[in-house]
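This report concerns only the one structure given below.
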Amino acid sequence: MEFREFAAYADRIEDEPADLETVLLVTELLSDGHGDLPIIARFAQGRIFPAWDSTTLDIGPNYLYEAIARAAGQNVTAADVESELAEVGEIGAVAASYEFGGQRGLAAFGAGGSDDALTVGEVFDELDTLAAISGDGSQGTKIDLLFGLLNRCEPIEARYLARLVLSEMRIGVGEGTVRDAIAEAFAVPVADVERALQVSNDYGLVARTAREGGTDGLADITLEIGRPVQAMLAQAGSVTDALEEWDEAAIEWKYDGARVQLHHDPDGIERDGGDTTTETTRVFSRNMEDVTAALPEVVEFAQERFDVPVILDGEVVAVNDDGDPRPFQQVLRRFRRKHDIEAAREDVTVRPSFFDCLHADGEDLLEDPLRRRHDRLANLLADGPQRSTLRISDDPEEIESIDAEALAAGHEGIMLKDPDSTYSPGRRGKNWLKRKPDVETLDLVVTGAEWGEGRRATFLGTFLLSARTDDGSYETLGKVATGITDETLAELTDLLEPHIRSEDGQSVDIEPAVVFEVGYEEIQSSPTYSSGYALRFPRFIGVREDIDVDDADSLERVERLAKQA
Ligand code: ATP
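Residue numbers (UniProt numbering): 1 to 565.
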């Protein structure tokens, strides 16, 4: 397809306000795409390279201003282009406002057009060449190349070329539009296109396959080692949400680091052209950027551990010499780093913790339930910090204790997942819940407790919590028992024992003296406690040593919070 034809479509699409009409125009564009279809499917979205490909043009806007100025001739300078841009507000309009060499060439050839017409394929090839230019003098070479392209452009072509180069296409074509247009243009179900896109992240490949292979062809698009998949995302949610939604929940620690997708093939990863390279491992970020070079620990780990091809999902966490997690900010000092990696490694060590397995030894697992994917992960990786432990439970107390264990181990908390859910790339669905942090906490007075059992018989284990009322009395609203380590229980026992007023079997009555800060998921009306309210999933956060019982939260505040919910 000639680039001017593409530009004419882009112009019509840009002028079309209605979504449905836009899809029809993109459908027409794709149907006319012929050999350039894969490129057109990307260009329409303003992408030069597939989403999974981290190639960039690596040029600043100034390169383009310079190239436009040169192509415009007549003493136009890059500064003129820039001030024009400040006035007009959009680079496409600026580029289209000049008369480039191509126009002059066109006039010379007469109204019929020029032999020199740019094709979509040529534009792509030139930009691909430009992306590969690096090293000394690359700036000049890149500007020359852009100049060469612009020089062959009519104003309408220059408009869209300039936008493409600066990733500012903005003609109202999003991923959904292209997905629907592919389905429409090649008469295949949208769901099949969607699945193929999720697996490949390549609109060009999917468009061509839909045209050439139809539904069967799309179904044959599988994961490929070296081509990243969009990461499945999580929603905020509570233990209540999880247990209401599913019979039981899969619980994992939530690592506080940066998301990584590991691709490893001991026989070498194929490059786009189909050649196998000596490179066996690639690591991608959540946004599918290639971060392999920045994380040699992950590469070394993969090379040592895996003797079959795998694609794993996980998190890299900064760790100290004992292997304990360090704050999230430390990871950022390593992630995406391009220089002095060995020196940075001396300062901050990172460790991967994998929590999902998308491909193992020739088998794609996206459609498998989480339980099975995790089993595969467990087959590949022995127990250890590099693999998350998945526990299945329907017992809120057990879930709380996993949360406490995660926090005690220095992690962020827990993730709750539907154990039967498939892996949905790029989706922020209900199947993965990150436990909401407490929106509010309450400072409540301990008015009773129970002695523990067995190993914990000498500790007070369950604490009765009360809110203060206006007349100076205390009304109960819950018990906190989970989320407290043995060490803390011993300290709390020491703190509370002097305030015990009476004992009745396991139960003790405690005078109001100590205030706990408590997190919770919800406040419900309930006849169980004297206040008429009950906390759902209360958890111990700490002792408010800095405040007095008179400063603890009042029942009035509890009532207010309950009404707000
Ligand atoms: P987003 O949800 O947009 O990714 P975010 O980057 O701030 O937001 P969170 O929302 O806090 O991250 O939580 C989701 C992230 O938690 C995941 O993307 C992943 O990086 C991380 N994570 C840590 N441990 C796990 C785990 N066991 N399972 C899934 N994700 C985990």
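Idealized CB from N, CA, C, for every residue including glycine.
Predicted model, so just to flag it, every value in this text is computed and none were measured.
Among the options, whose alpha-carbon lies nearest the alpha-carbon of residue i?
i      : options                           : result
Pro425 : Glu405, Ala490 and Leu197         : Leu197
Arg286 : Ile269, Thr240, Leu358 and Ala231 : Ala231
Leu464 : Trp432, Glu517 and Asp418         : Glu517
Arg305 : Arg333, Gly92, Val76 and His263   : His263
Asn431 : Ile311, Glu453, Phe537 and Ala249 : Ala249
Ala318 : Glu346, Leu24 and Asp340          : Glu346
Glu538 : Ala406, Arg271, Pro396 and Asp504 : It should be pointed out that residue 538 corresponds to Pro in this sequence rather than to Glu. Comparing Cα positions, the closest option is Pro396.
Arg337 : Pro325, Arg4 and Val350           : Val350
Leu390 : Ile547, Phe354, Leu30 and Glu99   : Phe354
Asp494 : Val508, Leu460, Glu475 and Gly519 : Leu460
Leu64  : Val480, Asp375 and Arg159         : Arg159
Ala409 : Ser54, Gly204 and Asn320          : Asn320
Asp322 : Ala234, Val348 and Phe540         : Val348
Lys479 : Asp470, Val229, Ser507 and Thr469 : Ser507
Leu416 : Arg427, Arg428 and Ile399         : Ile399
Thr488 : Pro512, Thr458, Asp180 and Arg334 : Thr458
Gly454 : Asp356, Arg195, Asp486 and Gln329 : Asp486
Glu503 : Thr462, Gly542, Glu245 and Trp451 : Trp451
Gly429 : Ile523, Leu233, Arg560 and Glu252 : Leu233
Ile182 : Leu377, Ile269 and Gln45          : Gln45
Gly393 : Val76, Ser401 and Gln386          : The residue you asked about is not Gly; residue 393 is Ser in the sequence shown. Among Val76, Ser401 and Gln386, the Cα nearest to that of Ser393 belongs to Ser401.
His411 : Gly472, Tyr255 and Val310         : Tyr255
Assign residue i to buried or exposed, taking buried as 16 or more other Cβ atoms, counted over all protein chains shown, within 10 Å of its Cβ.
i      : result
Asn379 : exposed
Lys563 : exposed
Leu106 : Because Leu106 carries a pLDDT of 48, less than 50, the predicted location of this residue cannot be relied on, and the following value inherits that uncertainty. Classification of Leu106: buried, given that the 10 Å Cβ count is 16 or more.
Gly448 : buried
His34  : exposed
Ala207 : buried
Gly384 : exposed
Ile547 : exposed
Thr482 : buried
Glu14  : buried
Gly89  : exposed
Asn41  : The displayed chain sequence assigns Ala, not Asn, to residue 41. So Ala41 ends up on the buried side.
Arg282 : buried
Val558 : buried
Gly176 : exposed
Thr476 : buried
Thr209 : buried
Ala86  : exposed
Going by DSSP, what residue range makes up the alpha helix (DSSP H) through residue i?
i      : result
Arg435 : Careful: Arg435 lies outside any alpha helix (DSSP H), inside the beta strand (DSSP E) at Arg428 to Arg435.
Gln198 : Val190 to Ser200
Asp144 : Ser138 to Leu150
Ala408 : Pro396 to Ala408
Gly204 : Tyr203 to Ala219
Tyr65  : Pro61 to Ala72
Arg373 : Leu370 to Leu380
Thr177 : Glu175 to Ala185
Thr119 : Thr119 -> no alpha helix (DSSP H), and no H or E assigned at all.
Phe100 : First-last for Phe100: undefined, no H or E at that position.
Glu80  : The identity of residue 80 in the sequence shown is Asp, whereas the question assumes Glu. Ala78 to Val88 is the span of the alpha helix (DSSP H), which, as asked, contains Asp80.
Taking the beta strand (DSSP E) that residue i falls in, what are its first and last residues?
i      : result
His263 : Ala258 to His264
Phe354 : Thr349 to Ala360
Lys254 : Ala249 to Lys254
Gln235 : Leu233 to Gly237
Val283 : Thr281 to Phe284
Gln524 : Glu522 to Ser525
Ile547 : From DSSP, Ile547 is part of no beta strand (DSSP E); its letter is neither H nor E.
Ser393 : Arg391 to Ser393
Ile414 : Gly413 to Lys417
Arg170 : Per DSSP, Arg170 belongs to no beta strand (DSSP E) and is neither H nor E.
Tyr160 : Premise fails: Tyr160 lies in the alpha helix (DSSP H), Pro155 to Val165, not in any beta strand (DSSP E).
Arg536 : Tyr533 to Arg536
Counting only beta-carbon separations shorter than 8 angstroms, does residue i have a partner in chain B?
i      : result
Ala183 : This model lacks chain B altogether, as it is built from one protein chain only.
Please list the segments of the beta strand (DSSP E) lying wholly inside the stretch 449 to 515, counting only runs of 3 or more residues, in order along the chain.
Restricting attention to beta strand (DSSP E) runs no shorter than 3 residues, the stretch 449 to 515 encloses them at 460 to 468, 474 to 480, 500 to 504 and 507 to 510, ordered along the chain.
| message | Pairs of beta-carbons, one from the stretch 183 to 200 and one from the stretch 146 to 162, closer than 8 angstroms: are there three or more? | response | In short, these stretches do not touch, since the Cβ pair count stays below three.
Item to complete: Please confirm if the stretch 115 to 131 is in contact with the stretch 139 to 159, defined as three or more CB-CB distances below 8 angstroms between the two stretches.
Response: With a cut-off of 8 angstroms, the stretch 139 to 159 and the stretch 115 to 131 count as touching, because enough Cβ pairs lie within range.
| query | Given 8 angstroms as the limit, is there contact between the stretch 209 to 226 and the stretch 67 to 82, that is, 3 or more CB pairs closer than that? | reply | Result no; under three Cβ-Cβ pairs closer than 8 angstroms.
### Task
May I ask you to verify whether the stretch 85 to 104 touches the stretch 120 to 133, counting CB pairs closer than 8 angstroms and requiring at least 3?
Counting Cβ pairs under 8 angstroms, fewer than three are found: no touch.
- Item | Inter-stretch contact (C-beta, 8 angstroms, three-pair minimum) for the stretch 494 to 512 and the stretch 199 to 211 | They do not touch, by the three-pair rule.
### Query
Would you say the stretch 367 to 381 touches the stretch 329 to 344, given that touching needs at least three Cβ pairs under 8 angstroms?
The stretch 367 to 381 vs the stretch 329 to 344: no contact.
Given 8 angstroms as the limit, is there contact between the stretch 235 to 249 and the stretch 292 to 303, that is, 3 or more CB pairs closer than that?
Judged by Cβ distances under 8 angstroms, the stretch 235 to 249 makes no contact with the stretch 292 to 303, as fewer than three pairs qualify.
Inset, instruction - Could you tell me which uninterrupted alpha helix (DSSP H) segments, each at least 4 residues in length, are contained entirely in the stretch 311 to 344, listed from first to last along the chain? - result: Counting only unbroken stretches of 4 or more residues, the alpha helix (DSSP H) elements lying wholly within the stretch 311 to 344 are 328 to 332, in sequence order.
Worksheet entry | Cβ pair count under 8 angstroms reaching 3, the stretch 136 to 151 against the stretch 17 to 29 | Result no; under three Cβ-Cβ pairs closer than 8 angstroms.
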